[in-house]
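Chains as they are written, first to last, in UniProt numbering: chain A, 1 to 545; chain B, 1 to 545. Glycine included, every Cβ here is placed at the ideal spot set by N, Cα and C. Predicted, not measured: the structure shown is a model, and the values here were computed from it. In what follows, a single structure is set out as structure tokens and then discussed.
Protein chains: 2
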Amino acid sequence: MRLRYILPALLIGAGSALAQETPIVHDGEFEFLRAQFGEAWDAQDVEVDAKLTEIRAANGGKPPNFLYILIDDVSFGQMGDRKMNYVMGIETPSINQLATEGMSLMRMYTEPSCTPTRTAMLTGRHPIRAGVEEVKVALVGEGLPTSEVTLPEILKQVGYNTAHIGKWHQGDIEQSYPHNQGFDWAAFPLHQQVQLSLMIPEAMRSNAMLGYVPEGQNNQFLLDERFKPYGLVTGVEAEAGGPALEVDMSAGEVWTQAKYEEMNERYQRQALEQLERVASEDAPFFLQYWPLYPLNFVYPDQAISRNGGFHADKLQLLDGWIGDLLAKLEETGTADNTIVVLMADNGLMYHYEGSSGLNQLIYRGGKTQHLEGGVRTDAFIRWPGVIEPNTAAGDIVHVSDIFTTMARIAGATAFIPRDRVIDGIDQTALLLNGEGNGRRDYVYVYEGPVLRSVVKQEFKMHLPAPGQPGAAAPTYNIYRDPREEHPLVGYSLWAGASFQDMIKRHQKMIAKYPHSEIGKGTPYEGIENLRPETELTRDVFMSWQ
Amino acid sequence: MRLRYILPALLIGAGSALAQETPIVHDGEFEFLRAQFGEAWDAQDVEVDAKLTEIRAANGGKPPNFLYILIDDVSFGQMGDRKMNYVMGIETPSINQLATEGMSLMRMYTEPSCTPTRTAMLTGRHPIRAGVEEVKVALVGEGLPTSEVTLPEILKQVGYNTAHIGKWHQGDIEQSYPHNQGFDWAAFPLHQQVQLSLMIPEAMRSNAMLGYVPEGQNNQFLLDERFKPYGLVTGVEAEAGGPALEVDMSAGEVWTQAKYEEMNERYQRQALEQLERVASEDAPFFLQYWPLYPLNFVYPDQAISRNGGFHADKLQLLDGWIGDLLAKLEETGTADNTIVVLMADNGLMYHYEGSSGLNQLIYRGGKTQHLEGGVRTDAFIRWPGVIEPNTAAGDIVHVSDIFTTMARIAGATAFIPRDRVIDGIDQTALLLNGEGNGRRDYVYVYEGPVLRSVVKQEFKMHLPAPGQPGAAAPTYNIYRDPREEHPLVGYSLWAGASFQDMIKRHQKMIAKYPHSEIGKGTPYEGIENLRPETELTRDVFMSWQ
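Okay, here's the thing in structure tokens:
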């Protein structure tokens, strides 16, 4: 959607000079760091600016392109590392190679689930600040509100071409669609993968979705035939501001695993096509590829991985596709001035554990949980000639930092709104100067609207149960106890003192800048070719509201 | 001790020709593989022999030297890998570098505890075949029997110089000492690290050994002052067949953490000295360095690792020492013809979990357990010009394979005894030809005398409780469920059929070649300078037997 926060024309392009005059509103915890390191950071920022100017000059005045690949539901350790490849019996050579060509961000924290992680990256904010929790698979009439200013919107202000391909999961209402949130072009499923790969006959036969298909059970007492999603919009395509069209789905057609696989192949094809298109233009680009794979609940006809699980096989397939995309980037001649970021959005959905292969690895927990297994993900960033190859950084990074950092690298910091809290920290110095130059040593970890834990340095406190005193909160040393199994009761006073101060600072900033509301509306508005069954489903949904 | 199995003189040096005529007795499971692959392996062995001959010719007729470094109690993933370094906050750059210079054995299985793993490597056999279970910290009057034929004894038959430095843990009786089991020279503690680093005042003050020192508790009801080890022999040194002398310990002296640290430093110094000595001689060498670190239970004055735990810090220190040793190997000019193997003996002793940093990582369980966390260890092998650098192999290897493989590489296969089961498989083809050329797809996993699980390919069956039918045994897919948390009940019939056949084959071989007895004797015989308190302790020990 159009920017609601309009900058005076004279400021366009003024960049960091303005930013220093009107600082970004960060959380209280960051201000505590700025009080200690502000002067050193200001001095370092002069060098950072000089380096960014130099890089841009070396590229004919063009700021770097961004290729942002966000993979769904992958545990920390599942990709980019030989040792863990062997543990799981999955080969990810393309991602391993990418890891050696850039910097591995070893303490990347996300939100614990798909929608909030993606919102945090797009807006630079903990999603709860915009009322966003988790967007469900079914109809909700909710989503990312127009009032949020997204990274592609900011980048468009300084001339970027933008495109989005793949999973979106930011809501089923018009204002939330990617082509209304800063993308020139978008191809995406309206919902997510549950109805696309799990709620299908094949998944029932794989023992992953019991009784979903009527033929799979005795229906003697069945009343509500609409308990299971029906007629949902599948994949759509659109240009910015224009109408969306559902593709590859006819009235009355039944969704199948074959269609899901075709959809994945189409997105891969479109990622390649869009990359060719935006790379051929003069303007810099921001290309976002959010694959649906490895999410998949049907066994392959012939396993390609040693693991053979339905998730593992698609991850291995996807790794090859990413190799193809990076090869295409090379072919276009734009690779040298393109920053590639590849990461996962959260841990494995280990609720489907067991024989599926969706199990815990190094860290305990998984998707939906504040445990490290939910919010620690693999993350790699390549910037040829700038980021030292084959490096790694143990500094803490949060997914919202991508927003602020990419905005700065693009010279668009001035377009970050100043009327709200921005959680994302500018980590440009970390990318340019390497490990130890991060500007964050904390993360607040939410599950939906609830603050569940606080990370500071090597410690992590799980919030006490409601009504319990702070001293009852278990605190863990993440290096010594990566699985958060042995709270430091009796070994530290952190839980009762310093961590409680952190929480108070966070709450005071929320009081000063209250959360706004999630966007609301009629589902599927702006899609021109709704199928009759889709219209029926939407009408029923709206009828009782 | 001298070889009991004496070969006719004419066979000395006859090597593999003889070996083919009088095959090594392997377990039944291996014969099932040989029935399927025997012809292909025979053909491959002709090439392997040619390659070994060629390598030896290129080194003036001298077979390769061996430097075997065995590290105590380290979890799979703790060393040699950047990702896991970051997880634990421990840097192991020297070992990581070694990993890139050779092959990482990604499925190395050990026995689950120190003594049995070391026995398996020395004898090529599951230790229970010689009656060896776990040798305790205190006086036992037991140990590795003379009747076992060790790898250094075999290598001596073809002219190797041998030396052992560091942990030994094969028993407190004369026949078990390393200088009586094939080593020309040895420096080692008679027992292990528990009384050297845990049963000391400093460990009590680190909250790791409660009440060990009388001053640490009220002794109102104390009767037995000898419940805690007293007067045990600490470190000794000896030449082959000669008397041993205890070093650095006077009558009445109290053992301390400072003395433990000095002992570790001495072994490191002696490893460097012995390496210099054996490298300067014409004969090939087998040098064995088994550090006592990282076992340690006292916090450092100033942490060197990000982890800061007492185990982590010593692992990081040890990593630097290993770097020094490898640099020394380079200096001596023998690195090119030296095979370096570095591995751990079993998983972390996570019974000291919690704030210590001794916690579970990828695999569940640890030392003493048949779970993957107990028996899967990091293992790296470097052989310049022969093993492809920066490779990895997912083939299953058991620590006993080192015995058989090193014997073959040294041209000493003919000296492997044929009157007993040898569990170690010759894995030379794997080293020469890389991943996929391993000759084992199974492991029997014992806890002491009890068979607790059976690994075959990607599956692992935990044996059912006594009296339970085979079908009740939980079976796991190790790739999909590395933590062995979700047994495949209902997903496979392996437990009830094929795995039971494997166990029967194993039992039948035991019936045919029954286990022998552990060595027995009077503790400390052959040590010339026993302290009075040591003599007292020994006399009391012997008095009631």
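With distances taken from CA atoms, which of the options is nearest residue i?
i, options, result
"B/Y444", "B/Y68, B/I322, B/E372 and B/F183", "B/E372"
"B/H26", "B/S543, B/T404 and B/F415", "B/T404"
"B/R129", "B/L451, B/T537 and B/E535", "B/L451"
"A/M325", "A/E261, A/Y442, A/P514 and A/L272", "With the sequence shown as reference, residue 325 of chain A is identified as Leu, and Met is not the correct amino acid for it. Here the closest residue by C-alpha is A/L272."
"A/S305", "A/V87, A/D42, A/L530 and A/M204", "A/V87"
"A/G323", "A/V48, A/D282, A/Q97 and A/P284", "A/Q97"
"A/T123", "A/D423, A/G241, A/E239 and A/Y68", "A/D423"
"B/P127", "B/T234, B/D224 and B/H515", "B/H515"
"A/E331", "A/K314, A/H351, A/A279 and A/S356", "A/A279"
"B/G385", "B/D42, B/Q44, B/K51 and B/P23", "B/K51"
"B/T115", "B/P389, B/I362 and B/I518", "B/I518"
"A/W383", "A/G374, A/I362, A/S400 and A/T428", "A/T428"
"B/L530", "B/G235, B/I69 and B/P63", "B/G235"
"B/E21", "B/K456, B/K512 and B/R418", "B/R418"
At a CB-CB cut-off below 9 Å, which residues of chain B make contact with residue i?
i, result
"A/I362", "G77, K83, M84, V87, L361 and I362"
"A/N307", "E458, N477, Y479 and R480"
Alpha carbon to alpha carbon, how far is residue i from residue j?
i, j, result
"A/A208", "A/N296", "10 Å"
"B/I381", "B/A392", "10 Å"
"A/L18", "A/G411", "Reliability of the predicted coordinates at A/L18 is poor, the pLDDT of 49 falling under 50, and the value obtained from them is presented with this limitation in mind. Distance between the alpha carbons of A/L18 and A/G411: 11 Å."
"A/G309", "B/P145", "47 Å"
"A/P243", "A/G159", "23 Å"
"A/H398", "B/S453", "42 Å"
"A/T506", "A/G102", "The sequence as given places His at residue 506 of chain A; Thr does not occur at that position. Taking the straight line joining both Cα atoms gives about 33 Å."
"A/G320", "A/S94", "6 Å"
"B/F541", "B/R226", "11 Å"
Locate the alpha helix (DSSP H) running through residue i, then write down its first and last residues.
i, result
"A/S543", "P532 to S543"
"B/L67", "Run containing B/L67: none in the alpha helix (DSSP H); it sits in the beta strand (DSSP E), N65 to I71."
"B/S280", "Per DSSP, B/S280 belongs to no alpha helix (DSSP H) and is neither H nor E."
"A/M204", "P201 to R205"
"B/I55", "G28 to A58"
"B/S104", "It is not in any alpha helix (DSSP H) - B/S104 instead sits in the beta strand (DSSP E) that spans M103 to Y109."
"residue 621 of chain B", "The first residue shown for chain B is 1 and the last is 545, placing residue 621 of chain B beyond what the model contains."
"A/A312", "F310 to T332"
"B/K156", "L151 to Q157"
How would you write the range of the beta strand (DSSP E) that residue i sits in, first residue to last?
i, result
"B/P189", "W185 to P189"
"residue 548 of chain B", "Only positions 1 to 545 of chain B appear in this structure, which leaves residue 548 of chain B out of reach."
"A/E237", "G235 to E239"
"B/S498", "Unbroken run through B/S498 is the alpha helix (DSSP H), S498 to K512; no beta strand (DSSP E)."
"A/H351", "Segment: none, A/H351 is in no beta strand (DSSP E) and carries neither H nor E."
Verify whether the separation of the beta carbon atoms of residue i and residue j is less than 8 Å.
i, j, result
"A/Q181", "A/T150", "yes"
"A/P294", "A/V135", "no"
"B/L358", "B/M349", "yes"
"B/T534", "B/G171", "no"
"B/Y267", "B/S197", "no"
"B/T522", "B/I173", "yes"
"B/P300", "B/L318", "no"
"B/L361", "B/I90", "no"
"B/L430", "B/D481", "no"
"B/T475", "B/L463", "no"
"B/Q270", "B/L287", "no"
"B/D248", "B/E262", "yes"
"B/Y446", "B/E111", "yes"
For residue i, go through chain B and note every residue whose CB falls closer than 7 Å to its CB, in chain order.
i, result
"A/G216", "Going along chain B, no residue has its Cβ under 7 Å from A/G216, so there is no contact; the nearest lies around 17 Å."
"A/R205", "None at all; the shortest Cβ gap to chain B is about 15 Å."
In chain A, which residues lie less than 7 Å from residue i when you measure between Cβ atoms?
i, result
"B/G434", "Neighbours of B/G434 on chain A: none; closest Cβ ~14 Å, over 7 Å."
"B/A208", "Under the 7 Å cutoff, chain A gives no residues; its nearest Cβ is about 13 Å from B/A208."
"B/A392", "R82 and Y86"
"B/E237", "Going along chain A, no residue has its Cβ under 7 Å from B/E237, so there is no contact; the nearest lies around 36 Å."
Residues of chain B with CB under 8 Å from residue i, in chain order?
i, result
"A/S356", "R480"
Listing by chain order, which chain A residues have their CB less than 8 Å from the CB of residue i?
i, result
"B/E265", "Chain A residues near B/E265: none, gap ~25 Å exceeds 8 Å."
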